[in-house]
Amino acid sequence: MPRCSSPSPKPATFNIPGEIVGESSGIGHLVRQPIAEALIPPPNGKRYSAIIIGGGVSGVSAGWKLARSGVTDFVILDLGDQLGGTSISGNVGANGIAFPWGAHYINTPPMEADCILEVLEDLQVVVDYTSLGWPIMNPDYILREPAERLFIENRWVEHLDPFSTGTQEDQQAFEEFQTDMLRWTLYRGADQHRAFMLPLEYSSADPEVRALDKITMREYMRQKGWNSERLDWFVNYGCRDDYACPIDEVSAWVGIHYYACRYYADQLQDRFPVHTVTWPEGNAFLVNGMARRFSSANVRLNALVLSIRQQGEEILVTFMDTQTRQFTTLRSHTVIYAGQKHIASYIIPNLPDDQKAVFQECEYTPWLTGSIHLKRLPQTKQSVLAWDNVMYESEGLGYIAAEHQTRDAADGEGPSVLTYYLPFDREPDIKRRELLDKGHDFWVNAIMKDLWEMHPGIEKDITRIDLYKWGHAMIRPTPNFIWGPDRALRG
-11 MPRCSSPSPK PATFNIPGEI VGESSGIGHL VRQPIAEALI PPPNGKRYSA
39 IIIGGGVSGV SAGWKLARSG VTDFVILDLG DQLGGTSISG NVGANGIAFP
89 WGAHYINTPP MEADCILEVL EDLQVVVDYT SLGWPIMNPD YILREPAERL
139 FIENRWVEHL DPFSTGTQED QQAFEEFQTD MLRWTLYRGA DQHRAFMLPL
189 EYSSADPEVR ALDKITMREY MRQKGWNSER LDWFVNYGCR DDYACPIDEV
239 SAWVGIHYYA CRYYADQLQD RFPVHTVTWP EGNAFLVNGM ARRFSSANVR
289 LNALVLSIRQ QGEEILVTFM DTQTRQFTTL RSHTVIYAGQ KHIASYIIPN
339 LPDDQKAVFQ ECEYTPWLTG SIHLKRLPQT KQSVLAWDNV MYESEGLGYI
389 AAEHQTRDAA DGEGPSVLTY YLPFDREPDI KRRELLDKGH DFWVNAIMKD
439 LWEMHPGIEK DITRIDLYKW GHAMIRPTPN FIWGPDRALR G
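First residue of the sequence shown? That's -11 in the numbering used here, and the numbers climb one at a time after it.
Quick look at the structure:
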């Protein structure tokens, strides 16, 4: 039952134990220094069919595709200590509570998303299709209710709904926005492609649609006459969550794509139901599922790639084992680059200058995520704990309850883990430096500022907070990034 006792006054500072895990910025930044020729060992005897640079979702899916096609002599090189990139997970306690460190859900992909559906079928996340060809998701993985709630005006409301306590003008702006997103969802260009498709390569090439990439989402909203602060917050939250970029900086094409590519509109749900699917470990479920297609021999973790170069008909890849500091050179017929684009400019020495410049100009948003370990789940008088718990007008994106799919939210007793998300989407270069420079106590207090507002006295139930710093978590899709003149150079 909820505990109704009054909390103590808010502490000036919070002294909560924990650690910063997975810090690799010092190691990762070594790629900026050209490797001395004398340190590059000759290639070993084995020649791979493919070397995959990067073990995030893109790299693992490339390995999955190769293995499924019968290619087994490939290797994935990744700097981390587990596959997944921003989709890694953690596991704590005697009960083995799994939680996400980063990406933690997907939505029902549209019918045209063939490459995604191929993976989801293999992992039995998609179990069938309707007569219209719409994917049917595995019911075991569909997000349970209550899915989300919003802390606004010092109380909880169901769903991410800032309009329930807003003005009539706020509600009208939201209804107009929904109608407009439905229009874009159904819009087809002269090429008969939908305006916004997934993968985005399939999207219509109509000039009217592509022109949306030249302005920001806020500019688009103002052109439509929407001036509601609550609508701004609602759309801004979605853009920050999916792209780590605010509405006054994100491309309008990208902002609309968030809503229109997935058939989110309520009017379409009977024919094209869109579900959120999730797992306690987040999208690590998908990574681990794909990785089961190949063996541990196909993976080299703690591997910092320092050089990719052509030598005759072969490609040579030199990496450093970050634990032993030993250098190794591998050779291959093919290299699949699935790493961050700005890194390519440092490790591929013969890149054309214009392409190198484009890669170096790619901007990334840093993130901080925190795993909050509790003796019991937070309870509130007004509502039951949801999967996604958000505070209105906060710099953070809120927290998710890792055990939501496997535990009754009304049963608050017993250890649990929450994952808190904080993107630094303003002045990312300055914030990245601050993120790396500040220590555990500083960032714990930043997180607790939000948590205490939502749950006064929660510090009494917290046993530790561990942090994960993502210096270059997500690329920023600002205007002209998706369809601008540099697109071809980015590959």
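Glycine included, every Cβ here is placed at the ideal spot set by N, Cα and C.
field: Same chain, Cβ closer than 8 Å to D69, neighbours up to 5 away in sequence not counted
entry: G10, L289 and N290
- prompt: In terms of DSSP beta bridges, what is F184 paired with?
  reply: Paired residues: none, contrary to the question.
Distance between Y231 and G459 (C-alpha atoms, nearest Å): Looking at the backbone, the Cα of G459 and that of Y231 are separated by about 15 Å.
Sequence-distant residues of the same chain with beta carbon closer than 6 Å to V287, five excluded per side: I64
- prompt: Which word fits D102, buried or exposed, when buried means at least 16 other C-beta atoms lie within 10 angstroms of its C-beta?
  reply: exposed
query: Do you know how far the Cα of L373 is from the Cα of E133?
result: 10 Å
query: Could you give the distance in angstroms between the alpha-carbon of A326 and the alpha-carbon of V197?
result: 28 Å
- request: Give every residue of the same chain whose Cβ lies closer than 8 Å to the Cβ of R250, excluding the five residues on either side of it in the sequence, and list them in chain order.
  value: N95, T96, P97, P98, L186 and V262
- prompt: How about T312 and I28: are their beta carbons less than 8 Å apart?
  reply: no
task: Report the three-state DSSP secondary structure of H428 (helix, strand or coil).
output: helix
Three-state secondary structure assigned by DSSP to R464: coil
- request: Spatial neighbours of V275 within its chain, please: CB distance less than 7 Å, with the 5 preceding and 5 following residues excluded, ordered by chain position.
  value: These residues qualify, in order along the chain: V45, V48, L71, G72 and S75.
Opening and closing residue of the beta strand (DSSP E) in which A232 lies: Looking at the DSSP string, A232 is not in any beta strand (DSSP E), and its letter there is neither H nor E.
Rounded separation between F482 and I39 - CA only: The displayed coordinates of the chain run from -11 to 479. Any statement about residue 482 would go beyond what the structure contains.
query: Can the beta-carbon of D236 be found less than 8 Å from the beta-carbon of I470?
result: Contact flag unset, no.
- prompt: Rounded to whole angstroms, how far is the Cβ of W221 from the Cβ of Y380, which I believe are closer than 8 Å?
  reply: 7 Å
query: Roughly how many angstroms lie between the CA atoms of I15 and T118, to the nearest whole one?
result: 49 Å
- prompt: Expressed to the nearest angstrom, what Euclidean distance is found between the alpha-carbon atoms of L67 and S382?
  reply: Looking at the backbone, the Cα of L67 and that of S382 are separated by about 32 Å.
task: With P123 as the anchor, note down where its beta strand (DSSP E) starts and where it stops.
output: P123 to M125
task: Please state whether DSSP places G154 in a helix, a strand or coil.
output: coil
field: Closest Cα partner of T173 within the set E164, Q180 and F184
entry: F184
query: Given Y456, which residues of its chain have a CB within under 7 Å of its CB, disregarding the five upstream and five downstream residues?
result: V9, G10, W89 and T357
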